[in-house]
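Engineer: There's a structure below that I have some questions on.
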Amino acid sequence: DASFKQQEGFRFSARDVAIMRGKLLNVPVLLGSATPSLESLHNANQQRYQQLILSQRAGNAVEPTLHLLDIRNKKMHNGLSEALIAELNKALTNNEQVLLFLNRRGFAPTLICHGCGWVARCRHCDANLVIHNNERLLRCHHCGREQRLIPNCPACKIGELMPLGLGTERIEEALRELFPNKTLVRLDRDTTQRKGSLERYLAQINDGKADIILGTQMLAKGHHFPNVTLVAIVDVDSGLFSIDYHATERLAQMITQVSGRAGRAEKPGKVILQTRHPDHKLLNTLIREGYRRFADTALAERKEAALPPFSYHALLRAQAGNPNLPLAFLQAAAALAKTYKASHTQILGPVPAPMEKRAGLYRYQLLFQSNKRSDLQKCLTELITNIDSITHAKKIRWSLDVDPVDLF
3 DASFKQQEGF RFSARDVAIM RGKLLNVPVL LGSATPSLES LHNANQQRYQ QLILSQRAGN
63 AVEPTLHLLD IRNKKMHNGL SEALIAELNK ALTNNEQVLL FLNRRGFAPT LICHGCGWVA
123 RCRHCDANLV IHNNERLLRC HHCGREQRLI PNCPACKIGE LMPLGLGTER IEEALRELFP
183 NKTLVRLDRD TTQRKGSLER YLAQINDGKA DIILGTQMLA KGHHFPNVTL VAIVDVDSGL
243 FSIDYHATER LAQMITQVSG RAGRAEKPGK VILQTRHPDH KLLNTLIREG YRRFADTALA
303 ERKEAALPPF SYHALLRAQA GNPNLPLAFL QAAAALAKTY KASHTQILGP VPAPMEKRAG
363 LYRYQLLFQS NKRSDLQKCL TELITNIDSI THAKKIRWSL DVDPVDLF
């Protein structure tokens, strides 16, 4: 998954380094995953990898059943539908553990004025400040900037400030109101900062001293909770629409991994996905036919669009406090690269990054795409050799990301 790609400093893929080292040492490399990347599956299809499929769960546990819960026009209690609440109550009444997943920490991702529409924004990033109600803070999840939670709208002075959207804190508050006699454990970056806190929470869960488990992606894989019979993905729709073509792959991996926390022992598992798009092709393919069928469909779409793994990408990123500098640098880099006529590499951009400003720096990027990796390597090698000759090269921060796993 994306965690194997180093995203800061010297960028590299630990997976690809392991494969190359195995090749150099003439030793086999084992890649294990319930949700292999589309690139790995493509390599298996091309006979570059030998594929071994484990057809049964550990301990012969039965696969959980997945259900799409249509919440359109349904009454919601802070993100929880009445149908989901009924399922939670049923499982808890049977002394079974339930797990709720929401990959967004904080109380709500947006603070908005109901009167004039003002939104609390970070001054240093193109992002909203996230409400952290327990600490009475507004916090930017990109640069770390914090400020006290304000009582009044600074624009119109009279409008009511309201939280917009869902975070784990808000779901926790709702669950404590609904099930006051049940023990709840919330696992996210905010609750596990202290040394040993994660281990204590996991021990509490495995000892049966937690009835409700709520958390973010740190719950998605690698945990064995034998008494969890019901898993609920609170907001599956947030991953359906993105400008990054990797997004649907990540969503399918997340759904599959989170679903795997249910029914890992003798008791059967059930997974509920709340959605306002119950007819979405991706969701239905994944639920009815499984991750592998989804992957085959996604690979066919990538092939038609000439996207990786059917082409090869590299992203040249540049950033500076003055927006004109990275733009001028990348324009010059594009012009220089286009002089390498033998490279057969398409150059797209430069364009602003999806989040143009982060931590006070303006960010732009230049995309290189080629049908042959060797052509891409030739182009990039020549460019990097001559890049210091570009005006402003020493006034900006730049990085080259080969096979980027995201476009942000």
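Position one of the sequence shown corresponds to residue 3 (our numbering), numbered consecutively onward.
Where is the CB? At the ideal position from N, CA and C, for every residue including glycine.
These numbers come from a predicted model, not from an experiment.
Within 10 angstroms of its Cβ, does MET357 collect 16 or more other Cβ (buried), or is it exposed?
Structural biologist: Per the 10 Å Cβ criterion, exposed.
Engineer: Check the C-beta distance from ASN229 over to GLU98 and give it rounded, since I have them as a contact under 8 Å.
Structural biologist: 6 Å
Engineer: Within this structure, are the beta carbons of ALA395 and LEU368 separated by less than 9 Å?
Structural biologist: ALA395 places its beta carbon 9 Å or farther from that of LEU368.
Engineer: For a quick check, are the C-beta atoms of SER261 and VAL233 less than 9 Å apart?
Structural biologist: Cβ atoms of SER261 and VAL233: closer than 9 Å.
Engineer: Expressed to the nearest angstrom, what Euclidean distance is found between the alpha-carbon atoms of LEU40 and GLU251?
Structural biologist: 8 Å
Engineer: Can you tell me the Cα-Cα spacing of ILE274 and LEU86, whole angstroms?
Structural biologist: 8 Å
Engineer: List the endpoints of the continuous beta strand (DSSP E) containing ILE274.
Structural biologist: 272-277
Engineer: In whole angstroms, give me the CA-to-CA distance for ARG50 and CYS124.
Structural biologist: 47 Å
Engineer: If the criterion is Cβ atoms closer than 9 Å, does the pair ALA4 and THR258 meet it?
Structural biologist: no
Engineer: To which residues does DSSP link CYS115 through a beta bridge?
Structural biologist: LEU163
Engineer: Decide yes or no for the touch test of the segment 129-146 against the segment 107-118: beta carbon pairs closer than 8 Å, at least 3 of them.
Structural biologist: yes
Engineer: Sort ALA307, TRP120, LEU329 by Cα distance to CYS158 and report the nearest one.
Structural biologist: TRP120
Engineer: Determine the DSSP secondary structure at ARG202, reduced to helix, strand or coil.
Structural biologist: helix
Engineer: With GLY24 as the anchor, note down where its alpha helix (DSSP H) starts and where it stops.
Structural biologist: It spans 16-27 - the alpha helix (DSSP H) in which GLY24 sits, taken as one unbroken run.
Engineer: By Cβ distance, which residues of its chain are closer than 6 Å to ARG17, with the 5 residues on each side in sequence left out?
Structural biologist: Excluding positions up to five away in sequence, the list reads PHE6.
Engineer: Could you check the C-alpha separation between LEU221 and GLU162 for me, to the nearest Å?
Structural biologist: Answer to the nearest angstrom: the Cα atoms are 35 Å apart.
Engineer: What are the uninterrupted segments assigned as beta strand (DSSP E) that are 3 or more residues long and contained completely in the segment 124-158, given in chain order?
Structural biologist: Inside the segment 124-158, DSSP marks whole beta strand (DSSP E) runs of 3 or more residues at positions 132-134, 139-141, 148-150, from first to last along the chain.
Engineer: So what does DSSP say about GLU98, is it helix, strand or coil?
Structural biologist: coil
Engineer: Counting C-beta neighbours from all protein chains within 10 Å, is the total for ILE55 16 or more, i.e. buried, or is it exposed?
Structural biologist: exposed
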